[in-house]
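*Asks:* So for the sequence shown, the working numbering puts the first residue at 126; every next one is plus one.
A virtual CB, placed ideally from N, CA and C, is assigned to each residue, including glycine.
The model shown is predicted, which means the values in this text are computed figures rather than measured ones.
There's a structure below that I have some questions on.
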Amino acid sequence: MNTDLTTYYRDRAKEYECIYQKPERQEELLQLTNLLQEFFAGKLIFEIACGTGYWTERIASVAKAMLATDINEAVLEVAESKGYKKANVSFEQINLFDLKDSVLKCRNLFGGFIWSHIKLENLDEFVNIINNFVDIGGSVVLIDNNYVEGSSSPIVKQDEHGNTYQLRTLENGSEHLVLKNFPTEQLIREALDGKATDINFVNMQYYWFLSYKPIK
């Protein structure tokens, strides 16, 4: 059994977007798309953990321009292969945690389904890193999953820090123990305490949407 997230997403790259086909989630996926497109219309965006570009494609249709990044070359190849009608997206392979002292700045940062893959003991560092990327007055937008019994993969393990894990099987038969946390609104607000202002949290059944301005 593999417990490495990078390996998991590399091997899952070509089947990644099957998760977005679940019938019960379609209404909320459309709601998320509308929220993101309204927020990012006409803006410059730095995207972390872009994966296969599912959200990149939807945001790019209204954005001025995007730099989409991921740690994994395999998912970036899938993302780059999509059709971007405005030709306004560039891609770069980046390990977010290698850039904690980066001077790179952006006006708007987006991260889709990355918070849930951050260990609880690393949340403070994660928030500091993404906030550091954003210029004064800029914004951070994050979206992620809620745990829904019967729709989400079951949680099979919880470690000593409270991190939760799911067992996922890929089409090639390989099994992966995947870190997947499901934070409450309270935990998110506590993680942002003293680090964010103008917090807007939209909680749905299957997903949540968060926007805020980093405190500099």
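With a threshold of 6 angstroms on Cβ separation, who are the neighbours of Met-126 within its own chain once the five nearest residues in sequence on each side are excluded?
*Replies:* Unreliable placement is indicated for Met-126, whose pLDDT of 46 sits below 50; the coordinate value is still reported in the next sentence. For Met-126, where only same-chain residues beyond five positions count, the Cβ hits under 6 angstroms are Glu-300 and Leu-302.
*Asks:* Taking DSSP as the reference, what is the three-state secondary structure of Pro-339?
*Replies:* If DSSP states are grouped into helix, strand and coil, Pro-339 belongs with the strands.
*Asks:* List the endpoints of the continuous alpha helix (DSSP H) containing Leu-160.
*Replies:* Where Leu-160 is concerned, the enclosing alpha helix (DSSP H) stretches over 151–165.
*Asks:* Mind reading off the beta-carbon distance from Gly-178 to Ala-204? Whole number of angstroms is fine, and I expect it under 8 angstroms.
*Replies:* Indeed they touch by this definition, with Cβ atoms about 3 angstroms apart.
*Asks:* Within a Cβ cutoff of 7 angstroms, which residues of the same chain sit near Ser-215, ignoring the five residues on either side of it in sequence?
*Replies:* For Ser-215, where only same-chain residues beyond five positions count, the Cβ hits under 7 angstroms are Leu-192.
*Asks:* Which residues in the same chain as Leu-169 place their Cβ atom closer than 8 angstroms to its Cβ, once the five residues preceding and following it in sequence are excluded?
*Replies:* If we look at Leu-169 and ignore the five residues flanking it on each side, its Cβ neighbours are Ala-188, Lys-189, Ala-190, Met-191, Cys-231, Arg-232 and Asn-233.
*Asks:* Could you have a look at Val-214 and say whether DSSP puts it in helix, strand or coil?
*Replies:* Correct three-state label for Val-214: strand.
*Asks:* Taking C-beta to C-beta, are Trp-180 and Asp-269 nearer than 8 angstroms?
*Replies:* Cβ atoms of Trp-180 and Asp-269: not closer than 8 angstroms.
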